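Trainee:
4 protein chains.
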Amino acid sequence: MDAAEGLKKIAWAEAHMPLLARIRDRFAVGRPLGGHRVGVALHLEAKTAALIRTLREGGAELFVVGSNPLSTQDDVAGALDGMEGIQVRARRGESLEAHHANVDWLLDNSLTLIVEDGGDVSVRLVERGSHTAPELIGICEETTTGVERLQELEADGLLRVPAFAVNQARMKHLIDNRYGTGQSTWGAIMGATNLLVAGKNVLIVGYGWCGRGLALRAAGLGARVFVCESDPVKAVEAAMEGYRVVTLVEGMRLADFVVTATGRPGVVGEEALAAAKDGAVLANAGHFGYEYDNAALAAMASGPTEVRAGVEAYALPGERSVYLLARGELVNLAWGDGHPVEIMDISFALQAMAAEYLVVHQQELPMGVHPVPDALDDAAARLVLEHLRSE
Amino acid sequence: MDAAEGLKKIAWAEAHMPLLARIRDRFAVGRPLGGHRVGVALHLEAKTAALIRTLREGGAELFVVGSNPLSTQDDVAGALDGMEGIQVRARRGESLEAHHANVDWLLDNSLTLIVEDGGDVSVRLVERGSHTAPELIGICEETTTGVERLQELEADGLLRVPAFAVNQARMKHLIDNRYGTGQSTWGAIMGATNLLVAGKNVLIVGYGWCGRGLALRAAGLGARVFVCESDPVKAVEAAMEGYRVVTLVEGMRLADFVVTATGRPGVVGEEALAAAKDGAVLANAGHFGYEYDNAALAAMASGPTEVRAGVEAYALPGERSVYLLARGELVNLAWGDGHPVEIMDISFALQAMAAEYLVVHQQELPMGVHPVPDALDDAAARLVLEHLRSE
Amino acid sequence: MDAAEGLKKIAWAEAHMPLLARIRDRFAVGRPLGGHRVGVALHLEAKTAALIRTLREGGAELFVVGSNPLSTQDDVAGALDGMEGIQVRARRGESLEAHHANVDWLLDNSLTLIVEDGGDVSVRLVERGSHTAPELIGICEETTTGVERLQELEADGLLRVPAFAVNQARMKHLIDNRYGTGQSTWGAIMGATNLLVAGKNVLIVGYGWCGRGLALRAAGLGARVFVCESDPVKAVEAAMEGYRVVTLVEGMRLADFVVTATGRPGVVGEEALAAAKDGAVLANAGHFGYEYDNAALAAMASGPTEVRAGVEAYALPGERSVYLLARGELVNLAWGDGHPVEIMDISFALQAMAAEYLVVHQQELPMGVHPVPDALDDAAARLVLEHLRSE
Amino acid sequence: MDAAEGLKKIAWAEAHMPLLARIRDRFAVGRPLGGHRVGVALHLEAKTAALIRTLREGGAELFVVGSNPLSTQDDVAGALDGMEGIQVRARRGESLEAHHANVDWLLDNSLTLIVEDGGDVSVRLVERGSHTAPELIGICEETTTGVERLQELEADGLLRVPAFAVNQARMKHLIDNRYGTGQSTWGAIMGATNLLVAGKNVLIVGYGWCGRGLALRAAGLGARVFVCESDPVKAVEAAMEGYRVVTLVEGMRLADFVVTATGRPGVVGEEALAAAKDGAVLANAGHFGYEYDNAALAAMASGPTEVRAGVEAYALPGERSVYLLARGELVNLAWGDGHPVEIMDISFALQAMAAEYLVVHQQELPMGVHPVPDALDDAAARLVLEHLRSE
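Protein chains in written order, with this note's numbering: chain D, 1 to 391; chain F, 1 to 391; chain C, 1 to 391; chain L, 1 to 391.
1) Please report the distance separating the alpha-carbon of V281 (chain L) from that of L214 (chain L).
2) Closest to L62 (chain L) by CA distance: which of L:D108, L:G146, L:R308 is it?
3) Report the option in F:A50, F:L383, F:G368, F:H339 whose CA atom is closest to the CA atom of A165 (chain F).
4) Just to confirm, is the Cβ distance from V341 (chain L) to H16 (chain L) under 8 angstroms?
5) Below 8 angstroms between beta carbons: does that hold for L316 (chain C) and A276 (chain C)?
6) Give, in chain order, every unbroken run of the alpha helix (DSSP H) that is at least 4 residues long and sits entirely within the stretch 140 to 219 of chain L.
7) Which one or two residues does DSSP pair with A238 (chain F) in a beta bridge?
8) Using a Cβ cut-off of 7 angstroms, which residues of the stretch 170 to 197 of chain L contact any Cβ in chain C, in chain order?
9) Do R224 (chain C) and R244 (chain D) have their C-beta atoms within less than 8 angstroms of each other?
10) Kindly indicate which three-state DSSP category F63 (chain C) falls into: helix, strand or coil?
11) Find the residues of chain L that neighbour H43 (chain D), judging by a C-beta separation of less than 9 angstroms, and give them in chain order.
12) Counting only Cβ-Cβ distances shorter than 7 angstroms, please list the residues of the stretch 80 to 95 of chain C near chain L, keeping chain order.
13) If contact is defined by three or more beta carbon pairs under 8 angstroms, each pair taking one atom from either stretch, is the stretch 129 to 140 of chain F in contact with the stretch 154 to 169 of chain F?
14) Going by the CB atoms, is the gap between D293 (chain L) and L273 (chain L) shorter than 8 angstroms?
15) May I have the straight-line CA-CA distance separating E241 (chain D) from V64 (chain F), to the nearest angstrom?
16) Just how far apart, CA to CA, sit Y207 (chain D) and I204 (chain F)?
17) Skipping 5 residues on each side, what residues in its chain have a beta carbon closer than 6 angstroms to that of R170 (chain D)?
18) Identify every residue that forms a DSSP beta bridge with L325 (chain F).
19) How many angstroms separate the CA atom of I10 (chain D) from the CA atom of L383 (chain D)?
20) Give the range of the alpha helix (DSSP H) segment to which F27 (chain L) is assigned.
21) Just reading off the beta strand (DSSP E) that A49 (chain D) is part of, what are its end residues?
22) Determine the chain L residues that contact E141 (chain C) at a beta-carbon separation under 8 angstroms, and present them in chain order.
23) In the DSSP output, which residue or residues are listed as bridge partners for H394 (chain D)?
24) Using a Cβ cut-off of 9 angstroms, which residues of the stretch 19 to 40 of chain L contact any Cβ in chain D, in chain order?
25) Distance check for S347 (chain C) and L19 (chain F), CA to CA, integer angstroms please.
26) Please name the residue or residues paired with L111 (chain F) in a DSSP beta bridge.
27) What three-state label does DSSP hand L221 (chain D) in the structure shown?
28) Would you call the stretch 114 to 123 of chain D in contact with the stretch 143 to 154 of chain D, where contact means no fewer than 3 C-beta pairs closer than 8 angstroms?
29) Which of the three DSSP states, helix, strand or coil, is assigned to F257 (chain C)?
30) Residues in its own chain within less than 7 angstroms of S216 (chain F) by CB, not counting five upstream and five downstream?
31) With a Cβ-Cβ cutoff of 8 angstroms, do A13 (chain D) and A41 (chain D) count as a contact?
32) State the CB to CB distance for the pair G251 (chain F) and F226 (chain F), rounded to an integer number of angstroms; the pair is presumed to be in contact (CB under 8 angstroms).
33) Determine, for R382 (chain L), whether the minimum Cβ-Cβ distance to residues of chain F falls below 8 angstroms.
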């Protein structure tokens with residue numbers, strides 16, 4: 001653990017997160033989170049650190065754990081831990097027991113706000129009994145998965161505070177899913193394989209916001225784009241963009257690169273995998289690592305053999321090979337640094353403003369999961385435009 | 001009036017409207033509109049004739065007037081009028097009195113369905129008293145304007161039947177507004193001016209679905225695109241596409257071509273017009289001809305002088321000229337043949353299916369304005385995909 | 001003939017030809033063509049008039065005929081004929097005898113310079129004997145065809161003066177062929193057919209400079225682009241741009257629109273025509289109207305039937321139809337106003353500077369056909385950049 | 001040194017180099033290089049190994065050194081060294097003395113052919129006296145630099161054999177420079193910085209083949225592209241593509257990313273650097289690391305401070321920072337794996353065919369530097385097309 005290295009990473013991120021910088025300046029004056037005790041459970045890397053420091057600047061005291069032991073960067077955690085008003089308990093690769101112990105430690109701190117990614121803290125809180133956090137006024141949740149877990153709690157009558165579904169903001173799915181996923185996924189695929197994209201056939205499975213970004217960037221890199229999409233209206237949109245709409249099996253026969261972004265398990269199943277073109281590179285840009293049916297792949301193919309870092313070959317019948325990237329996990333997190341810094345700046349600006357909103361409107365907000373207010377979405381967008389204009 | 005010429009135009013349109021063709025085939029078997037008396041008030045040109053003939057094939061008897069005396073094509077009206085089961089009363093340039101008389105004639109025919117564009121027939125029906133059309137079971141309305149008039153009737157308790165807002169279907173605004181408007185507007189601007197688009201600055205005012213199509217095609221023609229948009233989230237989307245987001249006045253200073261698509265009156269007002277670059281070409285792609293403040297333009301400029309067919313020059317102070325196309329009316333209707341045939345095929349397929357739906361579900365549908373059911377949207381999309389696949 | 005209308009057309013063109021405007025300003029001061037008698041044989045329309053008036057401003061006396069009786073616009077010819085120092089003999093649709101008589105009249109005027117398009121004047125001069133134009137110092141030829149005729153004269157020892165092949169300038173083929181042809185051809189196809197380009201398959205036959213522009217604009221309109229090209233290196237370039245490289249027959253089977261730009265006769269022959277997809281639209285963007293084998297088409301198909309102005313249907317075996325635009329002639333001249341004004345501004349600026357160069361360097365230039373000096377190419381490019389910068 | 005790792009890298013490369021694979025198959029049958037002793041001096045990494053093994057398959061005996069001690073990959077060198085008919089002397093980071101000794105060892109092997117990158121072997125041969133390699137029949141040189149050194153030798157009468165300038169092949173500069181540089185440079189910039197490209201201003205300095213690829217991919221990633229180019233005709237081409245043509249200083253004021261590809265030293269000098277926008281990222285895609293004037297930068301700025309691996313910050317007056325990537329060296333080699341595999345497949349296929357050509361035509365080829373014959377260019381292109389077609 002080299003805290004100096006962590007500080008350097010944080011400085012690079014903060015230098016490229018102008019929205020958080022403006023919020024930090026405003027928070028430093030108004031101290032809207034003064035007296036609040038905020039529990040944070042996020043991927044502990046440099047961009048997240050910028051959010052944590054912004055909340056601190058707003059007057060809060062911060063208690064921090066990682067949301068996933070595998071994504072914690074020890075140098076960043078170490079750098080943060082030394083800062084005034086910030087306590088961190090997280091270590092890369094720590095055991096699940098250690099992670100759970102850290103979550104419990106977090107909840108022992110009389111939290112007034114929770115900012116998290118995945119819902120672990122909120123679920124644990126309910127397990128312990130909501131009365132164990134009597135001062136809690138609200139939750140900001142970053143991910144779809146976490147929001148779904150909160151909604152289950154709400155359905156069971158167990159969610160006793162308001163919670164914001166940051167993921168559903170327009171600035172999140174219109175910008176992050178499309179332009180963040182588009183760039184970072186192709187950056188990762190190019191880096192992992194060193195293969196040319198121009199002149200190749202690319203199959204995008206799923207034409208939602210992520211799929212649109214993936215298709216746009218594939219075309220921008222010179223590929224011919226094929227789209228497989230079950231919603232017929234979206235499929236017509238893809239056709240009108242000049243992409244070729246195909247069934248999954250047709251697409252697999254043609255594609256040199258396949259990228260999934262459907263959010264559904266096993267979308268690329270046995271029949272599709274059996275149809276794959278020799279040499280096809282298979283990558284996933286959806287949140288979970290289950291869009292390729294790995295079990296079916298293992299059953300029909302010999303392998304896997306690691307042929308490059310993060311690239312595993314499977315030998316299919318008929319002298320064909322396919323290459324699965326990052327075992328089907330999110331390729332842009334497994335290879336490279338994830339979303340571009342400025343994209344996370346937008347998403348984290350929404351988080352910081354949502355936390356402030358919970359404090360200011362704590363009397364009015366009913367219990368339950370809420371969409372982020374339009375006003376915050378607009379405010380984030382206005383900050384982006386202001387920054388562009390200032391240039 | 002040359003009915004032979006009209007038949008030729010109808011044949012060209014029908015040859016390129018595969019969705020209506022498939023519906024026509026299905027209608028010819030099932031005759032779902034058998035016994036119905038349908039009153040039609042639409043722009044009477046070849047593409048519309050294909051819809052009318054499809055309804056006829058479904059078993060309906062058709063009574064037809066124009067929705068606007070200026071858009072009626074006499075050869076098409078003449079060709080239709082001779083066909084079995086179709087009666088037409090419309091003449092290009094007829095007086096408003098004649099038009100109103102035609103609408104009254106329409107309503108004298110014990111209509112069971114109304115298919116229209118703009119709401120004139122529905123409004124007149126209410127004036128006459130809804131009891132004068134006792135057999136009417138529903139209305140299909142094509143335009144935003146017509147829908148708004150129907151909603152006013154509904155609010156006043158005067159709409160006694162169900163009405164479908166065809167305009168609000170996803171296949172309408174996602175496809176027609178974006179790809180139809182994009183192509184036909186630029187086709188019209190290029191034709192009207194004979195000017196080069198590549199290397200020019202293009203300002204798109206309004207980044208809704210029409211604006212997105214206009215920007216996409218401008219970039220595709222080699223222009224640098226500037227976008228002015230009041231919704232900050234949409235403005236960020238434009239920036240992420242690589243367009244430059246500007247204020248209206250900044251954009252006017254830079255733009256060689258300005259295209260409006262906001263739907264709001266006087267959006268390009270005095271200050272913006274005063275800032276216009278010398279030689280700027282001003283066009284409108286929004287439904288109404290009021291997006292440029294023509295009165296302000298007339299007050300500050302000398303002119304207009306017609307310098308090419310449909311192109312009027314205004315001389316501004318400082319030795320500058322601007323060129324207003326089609327007096328600010330929808331440029332793609334004023335110059336050329338409007339939307340591409342295949343685009344209207346989709347919109348009219350929705351109309352035909354909506355009429356069928358009204359008949360089949362007449363017992364269940366409550367009074368009032370309804371969105372087109374998702375099932376119809378999906379069915380239209382599936383027909384497009386089927387057609388693409390059959391190729 | 002309405003000279004007022006002609007003046008209006010000329011005014012529109014000149015207002016959008018900033019390069020000629022700057023040259024005109026310079027010519028008005030320096031009068032580099034003072035005392036020269038220039039014979040002009042060009043397509044007599046508004047853009048050409050701007051060139052003629054520029055030469056006049058340089059001090060020359062102008063004698064003008066049309067280069068093709070079918071392209072002469074009488075209102076423009078009439079407007080020009082009234083101007084000081086300009087005499088015109090041309091009428092739309094005049095007989096070949098009349099045209100030849102006009103060319104002879106031209107040569108009776110002791111010309112010192114010839115500016116032409118197609119080589120008719122130069123060839124006639126040789127027929128009459130070069131001694132009949134003793135004061136002639138040079139020729140500026142616009143087209144490939146004209147240059148080839150001059151090269152034949154040169155090979156036969158009959159070309160007694162220097163001649164510039166304006167067509168071979170970089171600013172001509174890199175700009176005019178690519179961006180001029182790209183825009184004007186697609187404008188014409190969209191206007192002639194009212195069909196949608198987005199989502200369609202487009203086959204470009206020939207991937208030279210014209211073909212590149214045609215492909216670029218097709219992709220920009222939302223089409224999927226297929227390219228057929230015999231030079232393998234060019235074909236690889238097309239593949240790297242994301243286009244699909246196909247054989248002609250494969251391409252014909254898939255294409256909704258086919259555009260030829262090879263310059264070679266009968267390129268799309270019997271086998272290819274027999275493979276055409278039902279409904280295919282066939283257009284030509286090459287200089288001559290012979291790229292489709294019309295004889296083969298007539299032999300295998302019934303028709304043609306005109307189905308829209310300039311659109312002829314041929315019925316092929318197997319219930320298929322294809323639509324030939326403008327009988328296979330250059331579609332952008334047959335439908336619409338040809339190249340955008342600013343494109344002709346560049347080409348005609350080269351003409352004007354080439355004429356000046358011939359005068360200034362008349363002592364040094366040997367007999368024979370010469371490429372336009374790089375300095376003129378660069379000067380034209382610099383004028384474009386200056387104009388862009390001044391905006 | 002882990003030869004197993006090296007074998008894995010070579011296997012990945014060879015699996016994606018179909019042109020070399022086809023040549024290898026042909027060579028294995030015809031053995032066109034049988035009995036030849038080939039000296040190779042190239043960047044010793046996996047893609048190069050595929051070329052070396054192809055030459056071996058053609059019957060040659062191979063003697064191999066690195067062309068640059070810093071680019072040698074020891075695992076690849078080790079894997080190669082164990083193969084039959086291949087001897088390698090190279091070590092990453094070896095001293096210049098060791099490198100020179102290796103070159104001398106190479107020349108001690110009675111070479112008949114030299115395949116190299118940079119000209120070191122040819123120059124050393126002349127130093128030793130051409131009589132020391134009496135059996136040498138020719139040289140294949142990959143780079144511009146090497147070709148220039150050979151041309152100097154030729155001018156001095158010291159080049160006694162034919163040499164092919166592989167770099168000047170059309171398939172090299174049209175494909176490798178454009179699509180290889182475009183993808184690999186942006187892959188490297190995105191990886192090195194984790195910054196967003198969409199919505200940013202990108203300045204491309206130099207609009208040659210590399211610059212065109214860089215601009216194309218920047219636009220494809222959603223950037224607004226600015227181009228600085230001294231050749232006015234090329235600058236007009238850039239404008240027609242929709243890029244904004246600027247002076248260097250204007251561009252520097254606006255650009256978030258600057259990428260140079262001019263091949264000229266110190267192109268981005270003091271005045272330009274002083275104008276840089278705060279936060280600008282400076283990268284070089286030209287062959288040599290001298291396009292930014294590092295001395296001027298050091299003089300006007302404090303720093304450099306390494307802020308991320310390969311990213312150095314310079315603090316300029318006025319609270320501005322700029323970030324120089326890879327100290328101004330070729331960013332796509334310094335970060336990542338260089339050109340995509342398939343691009344090097346094309347360039348190395350040209351090398352292999354050029355070596356074969358030298359053997360077959362050794363009687364006919366005069367001494368001196370020659371362009372690669374068109375037939376080889378076409379053959380390489382045909383192999384690409386064949387491979388695309390076979391898919």
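C-beta: ideal position from N, C-alpha, C; glycine also. Only a predicted model underlies this, so the values are computations on that prediction, with no experimental measurement involved.
Mentor: Judging by the given coordinates:
1) Here residue 281 (chain L) refers to the residue found at position 281 when the fourth sequence is read from its first residue. Here residue 214 (chain L) refers to the residue found at position 214 when the fourth sequence is read from its first residue. Near 15 angstroms, if we compare the C-alpha coordinates of L214 (chain L) and V281 (chain L).
2) Within the fourth sequence, numbered from 1, the residue matching residue 62 (chain L) stands at position 62. For the options L:D108, L:G146, L:R308, the alpha carbon positioned closest to that of L62 (chain L) is the one of L:D108.
3) Counting from 1 along the second sequence, the entry for residue 165 (chain F) is found at position 165. When F:A50, F:L383, F:G368, F:H339 are compared, the shortest CA-CA separation from A165 (chain F) is found for F:G368.
4) For the purposes of this step, residue 341 (chain L) is taken as residue 341 along the fourth sequence, with counting starting at 1. For the purposes of this step, residue 16 (chain L) is taken as residue 16 along the fourth sequence, with counting starting at 1. Closer than 8 angstroms, so yes.
5) Taking the third sequence and counting its residues from 1, the one referred to as residue 316 (chain C) is at position 316. Taking the third sequence and counting its residues from 1, the one referred to as residue 276 (chain C) is at position 276. Yes.
6) Taking 4 residues as the shortest admissible run, the stretch 140 to 219 of chain L contains the following complete alpha helix (DSSP H) segments, listed from N- to C-terminal end: 144 to 155, 181 to 193.
7) Counting from one through the second sequence, the residue named residue 238 (chain F) turns up at place 238. Residue pairing from DSSP leaves A238 (chain F) without any beta-bridge partner.
8) The stretch 170 to 197 of chain L vs chain C, Cβ under 7 angstroms: R170, M171, L174, I175, Y179.
9) Numbered from its first residue, the third sequence carries residue 224 (chain C) at position 224. Numbered from its first residue, the first sequence carries residue 244 (chain D) at position 244. Yes, the pair counts as a contact, with Cβ atoms nearer than the cut-off.
10) Numbered from 1 along the third sequence, position 63 holds the residue referred to as residue 63 (chain C). Judged by DSSP in its simplified three-state form, F63 (chain C) adopts strand.
11) Against the first sequence, residue 43 (chain D) aligns to sequence position 43. Those within 9 angstroms of H43 (chain D) in chain L number zero; the least Cβ separation is about 14 angstroms.
12) Under the 7 angstroms Cβ criterion, the stretch 80 to 95 of chain C contributes no residue.
13) Yes: at least three Cβ pairs fall under 8 angstroms.
14) For the purposes of this step, residue 273 (chain L) is identified with residue 273 of the fourth sequence, where counting begins at 1. For the purposes of this step, residue 293 (chain L) is identified with residue 293 of the fourth sequence, where counting begins at 1. In contact: L273 (chain L) and D293 (chain L) (Cβ atoms closer than 8 angstroms).
15) Along the first sequence, one-based indexing puts residue 241 (chain D) at 241. Along the second sequence, one-based indexing puts residue 64 (chain F) at 64. Each residue's alpha carbon lies about 36 angstroms from the other.
16) Numbered from its first residue, the first sequence carries residue 207 (chain D) at position 207. Numbered from its first residue, the second sequence carries residue 204 (chain F) at position 204. Spanning the two alpha carbons is a distance of roughly 26 angstroms.
17) Translated into positions along the first sequence, residue 170 (chain D) becomes position 170. Cβ neighbours of R170 (chain D) within its own chain (closer than 6 angstroms, five residues either side excluded): D377.
18) Taking the second sequence and counting its residues from 1, one reaches residue 325 (chain F) at position 325. L325 (chain F) is bridged by DSSP to F:V311.
19) Within the first sequence, the letter at position 10 stands for residue 10 (chain D). Within the first sequence, the letter at position 383 stands for residue 383 (chain D). I10 (chain D) and L383 (chain D): Cα-Cα distance of roughly 21 angstroms.
20) On the fourth sequence, residue 27 (chain L) is found 27 positions in, with the first residue counted as 1. Counting along the chain, the alpha helix (DSSP H) containing F27 (chain L) begins and ends at 18 to 30.
21) The residue you call residue 49 (chain D) lines up with position 49 of the first sequence. Annotation for A49 (chain D): no beta strand (DSSP E) segment contains it, though the alpha helix (DSSP H) segment containing it runs 46 to 57.
22) In the third sequence, counting from the first residue as 1, residue 141 (chain C) sits at position 141. Residues of chain L passing the Cβ test: none, with the nearest at roughly 21 angstroms.
23) The structure shown does not extend to residue 394 (chain D), since chain D is modelled only from 1 through 391, so no value can be given for it.
24) If the cut-off is 9 angstroms between Cβ atoms, the stretch 19 to 40 of chain L has nothing near chain D.
25) The residue you call residue 19 (chain F) lines up with position 19 of the second sequence. The residue you call residue 347 (chain C) lines up with position 347 of the third sequence. Straight-line Cα distance between these residues: approximately 46 angstroms.
26) Position 111 of the second sequence holds residue 111 (chain F). Note: L111 (chain F) sits in no beta bridge, so no partner.
27) Here residue 221 (chain D) corresponds to residue number 221 of the first sequence, with the count starting at 1. Three-state DSSP puts L221 (chain D) in coil, outside helix and strand.
28) Three or more Cβ pairs closer than 8 angstroms define a contact, and the stretch 114 to 123 of chain D meets that threshold against the stretch 143 to 154 of chain D.
29) Within the third sequence, numbered from 1, the residue matching residue 257 (chain C) stands at position 257. Of the three classes helix, strand and coil, the one that applies to F257 (chain C) here is strand, per DSSP.
30) Locating residue 216 (chain F) in the second sequence gives position 216, where the first residue counts as 1. The sequence as given places Leu at residue 216 (chain F); Ser does not occur at that position. Taken in chain order, the residues that qualify are G182.
31) As a working note, residue 13 (chain D) is residue 13 in the first sequence. As a working note, residue 41 (chain D) is residue 41 in the first sequence. No, these two residues do not count as a Cβ contact at 8 angstroms.
32) Here residue 251 (chain F) is taken as the residue at index 251 of the second sequence, counted from 1. Here residue 226 (chain F) is taken as the residue at index 226 of the second sequence, counted from 1. The Cβ separation is near 5 angstroms, so the contact holds.
33) Within the fourth sequence, the letter at position 382 stands for residue 382 (chain L). Not one chain F Cβ lies under 8 angstroms of R382 (chain L).
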